[in-house]
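Colleague: Below: one structure in structure tokens.
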Amino acid sequence: MNYQETLDYLYQSLPMFQRVGDSAFKKDLGNTLALCSHLGNPEQKFKSIHVAGTNGKGSTSHTLAAILQAAGYKTGLYTSPHLKSFTERIKINGQEIEESAVVDFVAENRQFLENLRPSFFEMTVGMAFWYFAKNEVDIAIIEVGMGGRLDSTNVILPELSLITNIGFDHQQYLGETLPLIAGEKAGIIKSGVPVVISQTQDETTPVFLQKAKDMEANIIFADQMINVERVTSEVKGMAKYLISENGRQFHLEFGLLGNYQKYNLPGIVEAVNQLKLMGWEISDEAFRKGLREVTSMTGLKGRWQILGENPTIIADTGHNEPGIREILAQLKTYSFHQLWMVIGMVQDKDVRKILEILPKDAQYVFCQATIPRAMPADILAQKAQEAGLKGSVIPSVNEALVFAQKNARSHDLIFVGGSTFVVAEIENL
């Protein structure tokens, strides 16, 4: 099979959570362990950092990868889901896995995959570990898919674990309360492996403290030691922060513009501190370069990405209530005449809480991503109307964006989001 045939085979043969939801979710690590064993346990052949959390784990993973890359290390990066291309999920030094490597992996292991019947995610994790081991990376940043305890990535023994924050998302799998969700995320805490918590939260702190105690793991609540303050709006595509740590202060420029990055930065800074204590050589210059150039070094997209001006067009992948609240807070810092919201969501989530907090005075264009999980645009519009929101229904993401652009004035602002998969379909992302 060529690359496209291989990809079609994987999509059709293996259940993919992003596309179909429930039927792809596995509640144990059996398949992943079996696949890793078949592959010769590649997860044991490279050093790693494991990153979990509700929001911010993708930005944090990409930033740590950029910093280590800038420090001269051959750095693997595994993230999910992809926006444009499957190969985005597996990178070394910012370069996506070669299509030929994907073809080779499936060709070599096809019979085993057909017998095992793993989920798409389980297969992809195995492929990432195989690729990183084969290419002898110095270290790999591994982003958890969902939860932590039962996530397929949780077969690694990392140098460092990092948990960004805990919010309500995927409650049907992870639990209905923040402590229950934290318990699942805390599943990545390993015996004797230090764990950094980016954001202290009253409801989740006891859960993390107890798990770290049980595992005899040193736990560091980064935001209690490192204060982060955004000091200016972005200048030349950079956000500027004042960092206060151990009685010293310094400024940083960060290439990710979302105000919510202030919650991720303490964890990123402390993770680098911990790595340096372990003997990883990361100069101040490499640290700053990784932060400044994270998008160009790793190819990260869809995080407060400015796609146009006059009118201003911004896309962001934030898709749960905490993420949307941060987006709305940042939108309020912009000056505009009219706000346009090009919005789509998935149907296996409770969207009411999000719709209730969206601004009533915005013009809405309801759309849907072309995946089975997408909530039909007309149903979303109906639910939105019940929450007092009005607008047009244009199912195609790009046609919805064109409609907003044609009807918006130059001083208006157009926001595109509500779902990672809506952002993924923007043509000029």
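Just add 369 to the spot in the sequence shown (first one is 1) and you have our numbering.
Don't be surprised by glycine CBs; every beta carbon is placed ideally from N, CA and C.
So within the stretch 666 to 747, which uninterrupted beta strand (DSSP E) runs reach at least 3 residues, ignoring any that extend past its ends?
Modeller: 674 to 677, 681 to 684, 708 to 712, 732 to 735, all fully within the stretch 666 to 747.
Colleague: When the Cα atoms are used, what is the spatial distance from S406 to I589?
Modeller: As a first step, residue 406 is located in the sequence shown; it is residue number 37 there, counting from the start. As a first step, residue 589 is located in the sequence shown; it is residue number 220 there, counting from the start. So the two alpha carbons sit approximately 33 Å from each other.
Colleague: What residue from G561, V597, E695 has the CA that sits closest to I612's CA?
Modeller: Here residue 612 is taken as the residue at index 243 of the sequence shown, counted from 1. Comparing Cα positions, the closest option is V597.
Colleague: Decide if G561 is buried, meaning its Cβ has at least 16 other Cβ atoms within 10 Å, or exposed.
Modeller: On the sequence shown, residue 561 is found 192 positions in, with the first residue counted as 1. Result: exposed.
Colleague: I need the straight-line Cα distance from F790 to N767, nearest angstrom please.
Modeller: Locating residue 790 in the sequence shown gives position 421, counting from the first residue. Locating residue 767 in the sequence shown gives position 398, counting from the first residue. If I take the Cα positions, the gap works out to 12 Å.
Colleague: Would DSSP call R486 helix, strand or coil?
Modeller: Within the sequence shown, the letter at position 117 stands for residue 486. Correct three-state label for R486: coil.
Colleague: I'd like to know whether the C-beta atoms of I532 and F498 end up nearer to each other than 9 Å.
Modeller: Numbered from 1 along the sequence shown, position 163 holds the residue referred to as residue 532. Numbered from 1 along the sequence shown, position 129 holds the residue referred to as residue 498. No.
Colleague: Taking the continuous alpha helix (DSSP H) assigned at V565, which residues delimit it?
Modeller: Along the sequence shown, one-based indexing puts residue 565 at 196. Premise fails: V565 lies in the beta strand (DSSP E), 564 to 566, not in any alpha helix (DSSP H).
Colleague: Quick check on L611: does DSSP put it in helix, strand or coil?
Modeller: Position 242 of the sequence shown, counted from the start, is the residue given in the question as residue 611. L611 falls in the strand class under three-state DSSP.
Colleague: Sort H688, D747, N523 by Cα distance to D719 and report the nearest one.
Modeller: Within the sequence shown, the letter at position 350 stands for residue 719. Comparing Cα-Cα distances from D719 to each of H688, D747, N523, the minimum goes to H688.
Colleague: Once the 5 residues before and after A434 are set aside, which same chain residues still bring their CB inside 7 Å of it?
Modeller: If you number the sequence shown from 1, residue 434 lands on position 65. Excluding residues within five positions, the ones whose Cβ falls inside 7 Å are T444, L446, I510, T667.
Colleague: What are the uninterrupted segments assigned as alpha helix (DSSP H) that are 4 or more residues long and contained completely in the stretch 410 to 483, given in chain order?
Modeller: Segments of the alpha helix (DSSP H) lying fully in the stretch 410 to 483: 426 to 439.
Colleague: Give the secondary structure of G536 by DSSP, where H, G and I count as helix, E and B as strand, and everything else as coil.
Modeller: The sequence position of residue 536 within the sequence shown is 167, counting from 1. Residue state, collapsed to three classes: coil.
Colleague: Starting from the Cα of F735, find the closest Cα among A753, V506, K460, V565 and give me that residue.
Modeller: For the purposes of this step, residue 735 is taken as the residue at position 366 of the sequence shown. Residue A753 is the option with its Cα nearest to F735.
Colleague: Using 10 angstroms around the beta-carbon of Y703, count the other beta-carbons present and answer buried if the total reaches 16, otherwise exposed.
Modeller: Residue 703 sits at position 334 when you count from the first residue of the sequence shown. By the 10 Å Cβ count, Y703 comes out exposed.
Colleague: Please state whether DSSP places G786 in a helix, a strand or coil.
Modeller: Residue numbering aside, residue 786 sits at position 417 when the sequence shown is read from its first letter. In this structure, G786 counts as strand in the three-state DSSP scheme.
Colleague: Leaving out five residues on either side along the sequence, give the residues of the same chain with a beta carbon under 8 Å from the beta carbon of N534.
Modeller: The count along the sequence shown starts at 1 and reaches residue 534 at position 165. Contacts found: G422, T423, N424, G425, S567, Q568, Q570, Y632, P691.
Colleague: From the DSSP output, which residues share a beta bridge with T601?
Modeller: By 1-based counting over the sequence shown, the position of residue 601 is 232. BP columns for T601 point to K609.
Colleague: What span of residues does the alpha helix (DSSP H) with L634 cover, start to end?
Modeller: Taking the first residue of the sequence shown as position 1, residue 634 is located at position 265. Its alpha helix (DSSP H) spans residues 630 to 646.
Colleague: Compute the Euclidean distance between the alpha carbons of S392 and G648, then round it to the nearest angstrom.
Modeller: Position 23 of the sequence shown, counted from the start, is the residue given in the question as residue 392. Position 279 of the sequence shown, counted from the start, is the residue given in the question as residue 648. Here the model assigns S392 a pLDDT of 49, short of 50, so the residue's position is not dependable, and the following value carries that caveat. If you take the alpha carbons of S392 and G648, they lie about 43 Å apart.
Colleague: Short of 7 Å in beta carbon distance, which residues of its chain neighbour F772, apart from the five on each side in sequence? Order them along the chain.
Modeller: In the sequence shown, residue 772 corresponds to position 403, counting from 1. Closer than 7 Å at Cβ, skipping near neighbours: V734, S761, I763.
Colleague: Report buried or exposed for P680, applying the criterion of at least 16 other Cβ atoms within 10 angstroms of its Cβ.
Modeller: Counting from one through the sequence shown, the residue named residue 680 turns up at place 311. With 16 or more Cβ atoms within 10 Å of its Cβ, P680 is classed as buried.
Colleague: Do L404 and G495 have their CB atoms nearer than 9 Å?
Modeller: As a working mapping, residue 404 is identified with position 35 in the sequence shown. As a working mapping, residue 495 is identified with position 126 in the sequence shown. Result yes, Cβ atoms of L404 and G495 sit closer than 9 Å.
Colleague: Starting from the C-beta of V663, find all residues in its chain whose C-beta is less than 7 Å away, skip the five residues before and the five after it, and write them out in chain order.
Modeller: Translated into positions along the sequence shown, residue 663 becomes position 294. Only H431, T432, A435, G624, L625, L669 meet the Cβ criterion.
Colleague: Determine the DSSP secondary structure at D553, reduced to helix, strand or coil.
Modeller: Taking the sequence shown and counting its residues from 1, one reaches residue 553 at position 184. Reading off the sequence shown, one finds Glu at residue 553, where the question assumed Asp. E553 falls in the helix class under three-state DSSP.
Colleague: Whole angstroms are fine: how far does the CA of A738 sit from the CA of E794?
Modeller: Residue 794 sits at position 425 when you count from the first residue of the sequence shown. Residue 738 sits at position 369 when you count from the first residue of the sequence shown. So the alpha carbons of these two residues sit roughly 7 Å apart.
Colleague: Please classify Q754: does DSSP put it in a helix, a strand, or coil?
Modeller: The sequence position of residue 754 within the sequence shown is 385, counting from 1. If DSSP states are grouped into helix, strand and coil, Q754 belongs with the helices.
Colleague: Tell me, please, whether the stretch 654 to 661 touches the stretch 449 to 456 by the rule of three or more beta-carbon pairs shorter than 8 Å.
Modeller: The stretch 654 to 661 is not in contact with the stretch 449 to 456.
Colleague: If you drop the 5 nearest sequence neighbours on each side, which residues of the same chain put their C-beta closer than 6 Å to that of P635?
Modeller: In the sequence shown, the residue the question calls residue 635 occupies position 266. For P635, where only same-chain residues beyond five positions count, the Cβ hits under 6 Å are S567, A591, D592, I595, V597.
Colleague: With the cut-off set at 9 Å, would you say G552 and K580 are in Cβ contact?
Modeller: For the purposes of this step, residue 552 is taken as the residue at position 183 of the sequence shown. For the purposes of this step, residue 580 is taken as the residue at position 211 of the sequence shown. Yes, these two residues count as a Cβ contact at 9 Å.
Colleague: Go ahead and label L708 buried or exposed: buried means 16 or more other beta carbons lie within 10 angstroms of its beta carbon, across all protein chains shown.
Modeller: As a position in the sequence shown, residue 708 is number 339, starting the count at 1. Burial call: buried.
Colleague: If you draw a straight line from the C-alpha of E650 to the C-alpha of L782, how long is it?
Modeller: Here the question's residue 650 lines up with position 281 in the sequence shown. Here the question's residue 782 lines up with position 413 in the sequence shown. The alpha-carbon atoms of E650 and L782 are separated by roughly 43 Å.
Colleague: In whole angstroms, what is the alpha-carbon distance linking L770 and V785?
Modeller: In the sequence shown, residue 770 corresponds to position 401, counting from 1. In the sequence shown, residue 785 corresponds to position 416, counting from 1. If I take the Cα positions, the gap works out to 8 Å.
Colleague: So, is R801 buried or exposed, given that buried needs 16 or more other C-beta atoms within 10 angstroms?
Modeller: For the chain, the structure presents residues 370 to 798; residue 801 sits outside this window and is missing.
Colleague: Can M370 and A476 be called in contact, C-beta distance under 9 Å?
Modeller: Looking up residue 370 in the sequence shown gives position 1. Looking up residue 476 in the sequence shown gives position 107. Yes; because the gap between Cβ atoms is below 9 Å, this pair is in contact.
Colleague: What residue range is occupied by the uninterrupted alpha helix (DSSP H) comprising I618?
Modeller: Here residue 618 corresponds to residue number 249 of the sequence shown, with the count starting at 1. The residue you asked about is not Ile; residue 618 is Gln in the sequence shown. Taken as a continuous stretch (DSSP letters only), Q618 belongs to no alpha helix (DSSP H), being part of the beta strand (DSSP E) at 617 to 623.
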